[in-house]
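To keep things clear, I will list the structure first and then write my remarks on it.
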Amino acid sequence: MAEERRPETPAEANGAAAVFVVLGKQLKLMRERAGLNQREFGHLVGYGPDQISAVERGVRTPRPEFLQRADEVLRAEGLFTEVIPQVEEAMTKARTRHPEWYRGYAALEAQAVSLHDYSTMGVLGLLQTEDYSRAVFTQRHPPLDEETIEKRVADRLSRQQIFEEWPPPEFSFVMEQAVLERPIGGPKVHADQLRMLLRIGHMRNVQLQVMPTGREVHPSLGGSFTLLIPKGKEQVAYMEVQGHPKLITDREEVRVLVARYGIIRAQALNPHESLALIEKVLEER
-4 MAEERRPETP
6 AEANGAAAVF
16 VVLGKQLKLM
26 RERAGLNQRE
36 FGHLVGYGPD
46 QISAVERGVR
56 TPRPEFLQRA
66 DEVLRAEGLF
76 TEVIPQVEEA
86 MTKARTRHPE
96 WYRGYAALEA
106 QAVSLHDYST
116 MGVLGLLQTE
126 DYSRAVFTQR
136 HPPLDEETIE
146 KRVADRLSRQ
156 QIFEEWPPPE
166 FSFVMEQAVL
176 ERPIGGPKVH
186 ADQLRMLLRI
196 GHMRNVQLQV
206 MPTGREVHPS
216 LGGSFTLLIP
226 KGKEQVAYME
236 VQGHPKLITD
246 REEVRVLVAR
256 YGIIRAQALN
266 PHESLALIEK
276 VLEER
């Protein structure tokens, strides 16, 4: 079994993580008392079921506006709004946990004012559902132990808080059509992942596009890559090949990838056509 060395995070050392765990348990109790499942409750508060699951397990930080809405929906009479100051304090102490080799990029991603990604093999981690993410890590070879899998899943879900930032970052995602059609995790996991892509694709600050398999000319057969601009810093690029990460800061190398990404977007389906294709794949699966 593969092992992963991970030093204790500040959130674990100072007890901040415990705040989120306790709050998650209270949320789950109140939700169940209200007779709502995670999907129903998520619809009422503007979260997906995977996000609700992550909050209830204490691996996703609940935003103040989420706590305000949850208090109203569950008629908690201040149970959640009263702890907002403590949650905000805990948020300043906690930081995202990631494998050591990934932390440099993760820190930049958390500061991104714009992020653009081209995916070729699977759904980008930032867009994955909990079950899809777990399937990806479970299928990894050499195998990861169960504890590491759960850590990796929690870390991946925690990154999705970037979609809740205000002002919101600008996102664009281009994925190969094969990514949509590859049923990672089985039929249910596949369908839920497609639904999540549709939800994210309809966000006002997101442009989601699909590169059709039938294209005869393709500007980038060299693999996936991500472009991002951290707040107050220059644009960088990031890519992984067989588990080997590369953070690119050289201006000329970044410029080439930016130009290539522009051609990819131009040759892909437009966002409206792309969402229609995702809906079609979901219906036909």
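Once you know that position 80 of the sequence shown is 75 in our numbering, the rest is easy, because the numbers rise by one and skip nothing.
All residues carry an ideal CB built from backbone N, CA and C; glycine is no exception.
For this session: For I224, I'd like the list of residues in its chain whose CB is within less than 7 Å of its CB, leaving aside the five on either flank, ordered along the chain.
Result: Locating residue 224 in the sequence shown gives position 229, counting from the first residue. Excluding sequence neighbours, I224 sits near A107, V108, S109 and Q230.
Exercise. Alpha carbon to alpha carbon, what distance is there between P80 and G257?
Worked result: In the sequence shown, the residue the question calls residue 257 occupies position 262. In the sequence shown, the residue the question calls residue 80 occupies position 85. Taking C-alpha positions only, G257 is separated from P80 by approximately 43 Å.
Exercise. Helix, strand or coil: how does DSSP classify E235 here?
Worked result: Along the sequence shown, one-based indexing puts residue 235 at 240. Residue state, collapsed to three classes: strand.
For this session: Determine the DSSP secondary structure at H185, reduced to helix, strand or coil.
Result: By one-based count along the sequence shown, residue 185 stands at place 190. The answer is helix: DSSP assigns H185 an H, G or I state.
Exercise. Comparing alpha-carbon positions, which option in G227, D66, A261 and Y42 lies nearest M25?
Worked result: Translated into the one-based positions of the sequence shown, residue 25 becomes position 30. Ranked by Cα distance from M25, the options G227, D66, A261 and Y42 are led by D66.
For this session: Starting from the Cα of I195, find the closest Cα among M116, Q123 and T208 and give me that residue.
Result: Taking the first residue of the sequence shown as position 1, residue 195 is located at position 200. That would be Q123, whose Cα lies nearest to the Cα of I195.
Problem set entry | G37 versus R210: straight-line alpha-carbon distance, rounded | On the sequence shown, position 42 is the one that residue 37 refers to. On the sequence shown, position 215 is the one that residue 210 refers to. So the alpha carbons of these two residues sit roughly 38 Å apart.
Problem set entry | Assigned exposure category for G43 - 16 Cβ within 10 Å defines buried | Position 48 of the sequence shown, counted from the start, is the residue given in the question as residue 43. Counting the other Cβ atoms within 10 Å of the Cβ of G43 gives 16 or more, which makes it buried.
For this session: Go through the region 152 to 197 residue by residue and report every complete run of the alpha helix (DSSP H) that reaches 4 residues or more, in order.
Result: 172 to 176 and 182 to 196
Exercise. Roughly how far, in whole angstroms, is the beta-carbon of R290 from the beta-carbon of H213, given that I think they are within contact range, below 8 Å?
Worked result: Past the boundaries of the shown model lies residue 290; the chain is included only from -4 to 280, so the question cannot be answered.
For this session: Take every Cβ of the region 116 to 132, pair it with every Cβ of the region 152 to 171, and state whether three or more of those distances are shorter than 8 Å.
Result: Segments in contact, yes.
Exercise. Under the three-state reduction of DSSP, which class applies to R90: helix, strand or coil?
Worked result: The count along the sequence shown starts at 1 and reaches residue 90 at position 95. Residue placement at R90 cannot be trusted, given a pLDDT of 47 that sits under 50; what the coordinates show is reported in the next sentence. Three-state result, R90: coil.
Exercise. Would DSSP call Y113 helix, strand or coil?
Worked result: What you label residue 113 is simply residue 118 of the sequence shown in a count that begins at 1. Strand at Y113.
Exercise. What separation, rounded to the nearest whole angstrom, lies between the Cα atoms of G218 and G117?
Worked result: Here residue 218 corresponds to residue number 223 of the sequence shown, with the count starting at 1. Here residue 117 corresponds to residue number 122 of the sequence shown, with the count starting at 1. G218 and G117 have their C-alpha atoms some 11 Å from each other.
For this session: Go ahead and label P57 buried or exposed: buried means 16 or more other beta carbons lie within 10 angstroms of its beta carbon, across all protein chains shown.
Result: Working through the sequence shown from its first residue, we reach residue 57 at position 62. By the C-beta density criterion, P57 is buried, having at least 16 other C-beta atoms within 10 angstroms.
Exercise. Which term fits A263, buried or exposed, when burial requires 16 or more other beta carbons within 10 angstroms of its beta carbon?
Worked result: Within the sequence shown, numbered from 1, the residue matching residue 263 stands at position 268. So A263 counts as buried.
Exercise. Considering only residues of the same chain and omitting the five flanking positions on each side of I259, which have a CB-CB separation below 6 Å?
Worked result: For the purposes of this step, residue 259 is taken as the residue at position 264 of the sequence shown. Cβ-Cβ distances below 6 Å link I259 to Y113, V169, P214 and S215 in the same chain, with the five nearest sequence neighbours on each side left out; the list follows chain order.
For this session: List the DSSP bridge partners of T208.
Result: For the purposes of this step, residue 208 is taken as the residue at position 213 of the sequence shown. For T208, no pairing in a beta bridge is given by DSSP.
Problem set entry | Contact under 9 Å by Cβ, L203 with S128 | Here residue 203 refers to the residue found at position 208 of the sequence shown. Here residue 128 refers to the residue found at position 133 of the sequence shown. The Cβ atoms of L203 and S128 do not sit closer than 9 Å to each other.
For this session: Report the three-state DSSP secondary structure of A261 (helix, strand or coil).
Result: Sequence index remark: in the sequence shown, residue 261 carries index 266 (1-based). In this structure, A261 counts as helix in the three-state DSSP scheme.
Exercise. For L223, which residues does DSSP report across the bridge?
Worked result: In the sequence shown, residue 223 corresponds to position 228, counting from 1. DSSP lists L110 and V231 as partners of L223.
Exercise. Buried or exposed: where does T91 fall if 16 or more other Cβ atoms within 10 Å of its Cβ makes it buried?
Worked result: The residue labelled residue 91 in the question sits at position 96 within the sequence shown. Residue placement at T91 is poorly supported in this model, since its pLDDT is 45, which falls under 50; the coordinates still yield a value, given next. Result: buried.
Exercise. Mind checking T133: buried by the 16 CB within 10 Å criterion, or exposed?
Worked result: As a working note, residue 133 is residue 138 in the sequence shown. Classification for T133: exposed.
Problem set entry | Identity of the residue in V253, L189 and E142 nearest L175 by Cα | Counted from its first residue, the sequence shown places residue 175 at position 180. Looking at the Cα atoms, L189 is the closest of the given residues.
Exercise. Of the residues R70, S48, V54 and A105, which one's Cα is nearest the Cα of R28?
Worked result: As a position in the sequence shown, residue 28 is number 33, starting the count at 1. Nearest of R70, S48, V54 and A105 to R28, Cα basis: R70.
Problem set entry | From I273, L242 and A232, residue whose alpha carbon lies closest to that of A254 | Mapped onto the sequence shown, residue 254 falls at position 259. Checked all of I273, L242 and A232; the closest Cα to A254 is A232.
For this session: Assign V14 to one of two classes, buried (16 or more other C-beta atoms within 10 Å of its C-beta) or exposed (fewer than that).
Result: Numbered from its first residue, the sequence shown carries residue 14 at position 19. Looking at its Cβ environment, which holds 16 or more other Cβ atoms inside 10 Å, V14 is buried.
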